[in-house]
Amino acid sequence: MTDRRRRIAIDDQRFLLVATIEEGQNLSFYAGQMIAVEKTDMRPGGTEFDFDVHSRPTRGGVAENIMTNRTSLRDEFIERRVKTNVRGLLISPGNAVAVLRGKAPPELTYGELQPQVFRSRHRTDPVAWTINFRRAWYAGQGSKTVRRPPQAQWATVAQKAGRQANGSASAGAHGNAGPAPGQADGGVGLPTLDAILRLYVREADLTRYRPSPRPFGTGDMIFDQPGIFQRLGNMLGIGG
Amino acid sequence: MRGSLLPLPLLLALGACGTGTAPDRAADGPPLEAPVTGPSAYAVFAAADLDRGWDVLDAMDTELPEAQRGRIQARGLVSGASKEMMVRFSGTCARDGGFVAAVRAVARRRDVSTVRCEATLPIA
């Protein structure tokens, strides 16, 4: 069954459901400065979600491209990374580090695990957002609760796993993922098919919402900036 | 002895002047977003209101054949300013593998008669 909630209230703000995102997929969209993301998995037990939320400013109504080097980008990524789960940590180690270093992660303004409110630091109107739902691990009741026919499920899981292998290849450079948690809990340890992220925007921001047909970042310039000793080594023809 | 060390500051200065390596995104791709692997397209329909639109989108969880259900990537509003809803799926409009027809069947059961396929979303 699907969670039918389409209107939620957080504090005094009213939010409307505008999109759902399947596992292994991403969604780029324009919205206001604040969004809410809800992790949904209707099966009993726990599910761990690995997703991240990014925002970037807009200029002339479209997302700005970024020109940066890999080091800055990695810092940016750590700063913004959010990894959480239904019954576990409220704040990821990466975010904890960001807080300790004086960098503000996306504000988790809501004291509960779901939904989470994300508030962008960018003040443009609209703000460009990307939600990247890498994968989820179901650590619940094990194979007894798997509802789908085994053949069909394995086929689809293999397809999704293939997509994720591609996805995580790009994320690997940024310290992604690590070992799959939850396998010791009797779960099958495979990506689940029923984990969905639900995206809400404030009712007042509804007219700002529109998904982008293309992911943001396709015009980014990202380059390596070798250090002085690496340059010296290159000039002398030693090292890689 | 001093003379033999002279080239070192020169080398350091030259090294600092050099440009970095060329932009290289093929090495690990766009870092912030997972790459969209394979083509995707949109099944789009107009709903009388958002609730009815979500009724159609939610019904796909239970009423689409398993093979088609697994091709859904994202669902939701085409924009906050319109009442059109979309399903992004893996495939193209030319080779949708019966996806749009399956969505159309689900939509018809909820009094939505027209479902069209779009290669991309209109940029507002």
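One line per chain: the protein sequences are A and B, in this order. In terms of my numbering, the first sequence is residues 950 to 1189. In terms of my numbering, the second sequence is residues 3 to 126. Every residue, glycine too, gets a C-beta built ideally from N, C-alpha and C.
By the DSSP assignment, the alpha helix (DSSP H) with residue i in it spans what residues?
{"i": "Phe-1178/A", "result": "1177-1185"}
{"i": "Gln-70/B", "result": "68-71"}
{"i": "Leu-123/B", "result": "Element bounds for Leu-123/B: n/a, residue is neither H nor E."}
{"i": "Arg-106/B", "result": "101-110"}
{"i": "Leu-52/B", "result": "52-65"}
Around the Cβ of residue i, are there at least 16 other Cβ atoms within 10 angstroms (buried) or fewer (exposed)?
{"i": "Ala-41/B", "result": "The residue you asked about is not Ala; residue 41/B is Pro in the sequence shown. Label assigned to Pro-41/B: exposed."}
{"i": "Pro-67/B", "result": "exposed"}
{"i": "Ala-958/A", "result": "exposed"}
{"i": "Thr-1079/A", "result": "buried"}
{"i": "Ala-121/B", "result": "exposed"}
{"i": "Ile-1145/A", "result": "buried"}
{"i": "Glu-1152/A", "result": "exposed"}
{"i": "Asp-961/A", "result": "exposed"}
{"i": "Ala-28/B", "result": "Annotation note: pLDDT 36 at Ala-28/B (below 50); position unreliable, coordinate value reported separately. Classification of Ala-28/B: exposed, given that the 10 Å Cβ count is below 16."}
{"i": "Leu-1185/A", "result": "exposed"}
{"i": "Gly-1009/A", "result": "exposed"}
{"i": "Ser-1069/A", "result": "buried"}
{"i": "Arg-118/B", "result": "exposed"}
{"i": "Glu-1061/A", "result": "With a pLDDT of only 36 at Glu-1061/A, under the threshold of 50, the placement of this residue in the model should not be trusted, and no figure is reported."}
{"i": "Asp-1001/A", "result": "buried"}
{"i": "Arg-963/A", "result": "exposed"}
{"i": "Ser-1004/A", "result": "buried"}
{"i": "Asp-57/B", "result": "buried"}
{"i": "Arg-1180/A", "result": "buried"}
{"i": "Thr-116/B", "result": "exposed"}
{"i": "Thr-1156/A", "result": "exposed"}
{"i": "Arg-111/B", "result": "exposed"}
{"i": "Asp-98/B", "result": "buried"}
{"i": "Asp-999/A", "result": "buried"}
{"i": "Asp-1154/A", "result": "buried"}
{"i": "Ala-96/B", "result": "exposed"}
{"i": "Ala-50/B", "result": "exposed"}
{"i": "Ala-1077/A", "result": "buried"}
{"i": "Thr-23/B", "result": "For Thr-23/B, the pLDDT reaches just 40, beneath the cut-off of 50, and the residue's location in the model is therefore unreliable, although a value from the coordinates is still provided. Burial call: exposed."}
Skipping 5 residues on each side, what residues in its chain have a beta carbon closer than 6 angstroms to that of residue i?
{"i": "Asn-1014/A", "result": "Gly-1168 and Asp-1169"}
{"i": "Ser-977/A", "result": "Thr-1079, Ser-1161, Pro-1164 and Phe-1165"}
{"i": "Met-1016/A", "result": "Met-1170"}
{"i": "Gly-1150/A", "result": "Sequence inspection shows Val at residue 1150/A; the Gly mentioned does not correspond to that position. Same-chain partners within the cutoff: Val-967, Ala-980, Ile-984 and Tyr-1158."}
{"i": "Met-185/B", "result": "Here chain B covers residues 3 to 126 and nothing more, so residue 185/B does not appear."}
{"i": "Glu-65/B", "result": "Val-108"}
{"i": "Pro-1006/A", "result": "Glu-1013, His-1071 and Thr-1073"}
{"i": "Thr-996/A", "result": "Asp-990, Val-1035, Ala-1085, Tyr-1087 and Ala-1144"}
{"i": "Thr-969/A", "result": "Ile-1145 and Arg-1147"}
{"i": "Val-1011/A", "result": "none"}
{"i": "Leu-1038/A", "result": "The predicted model places Leu-1038/A with a pLDDT of 42, which falls under 50 and marks its position as unreliable; any figure quoted below should be read in that light. If we look at Leu-1038/A and ignore the five residues flanking it on each side, it has no Cβ neighbours."}
Starting from residue i, trace the beta strand (DSSP E) both ways and give me its first and last residue.
{"i": "Phe-978/A", "result": "975-980"}
{"i": "Tyr-1149/A", "result": "1145-1151"}
{"i": "Leu-1155/A", "result": "Run containing Leu-1155/A: none; DSSP gives neither H nor E here."}
{"i": "Gly-78/B", "result": "74-79"}
{"i": "Ala-48/B", "result": "42-48"}
{"i": "Val-89/B", "result": "86-92"}
{"i": "Phe-1172/A", "result": "1170-1172"}
DSSP puts residue i in a beta bridge; with which residues?
{"i": "Met-983/A", "result": "Arg-1068/A"}
{"i": "Pro-1160/A", "result": "Phe-978/A"}
{"i": "Ala-958/A", "result": "Arg-963/A"}
{"i": "Ala-96/B", "result": "Note: Ala-96/B sits in no beta bridge, so no partner."}
{"i": "Glu-972/A", "result": "Paired residues: none, contrary to the question."}
{"i": "Arg-1005/A", "result": "Ala-1077/A"}
{"i": "Thr-1167/A", "result": "Partner(s): none; Thr-1167/A has no beta bridge."}
{"i": "Val-114/B", "result": "Val-114/B pairs with nothing; no bridge assigned."}
{"i": "Ala-1012/A", "result": "Thr-1007/A"}
Who are the near neighbours of residue i in its chain, counting only those whose CB is closer than 7 angstroms to its CB and skipping five residues on each side?
{"i": "Ile-1177/A", "result": "none"}
{"i": "Pro-124/B", "result": "none"}
{"i": "Gln-75/B", "result": "Ser-42, Arg-90, Phe-91 and Ser-92"}
{"i": "Arg-73/B", "result": "Phe-91, Ser-92, Gly-93 and Phe-101"}
{"i": "Val-114/B", "result": "Phe-47, Ala-49 and Val-58"}
{"i": "Asn-1081/A", "result": "Asn-975, Phe-1000 and Asp-1001"}
For residue i, collect the residues of the same chain with a Cβ closer than 8 angstroms to its Cβ; drop the 5 residues on either side in sequence, then sort them by chain order.
{"i": "Arg-955/A", "result": "Leu-965 and Leu-966"}
{"i": "Glu-971/A", "result": "Phe-1082 and Ile-1145"}
Within 7 angstroms: the Cβ of residue i and any heavy atom of the ligand ADP?
{"i": "Leu-79/B", "result": "Among the components of this structure there are no ligands whatsoever, and the ligand ADP is therefore not found."}
Evaluate contact between the stretch 44-58 of chain B and the stretch 98-109 of chain B, counting only Cβ atoms and requiring at least three cross-stretch pairs below 8 angstroms.
yes
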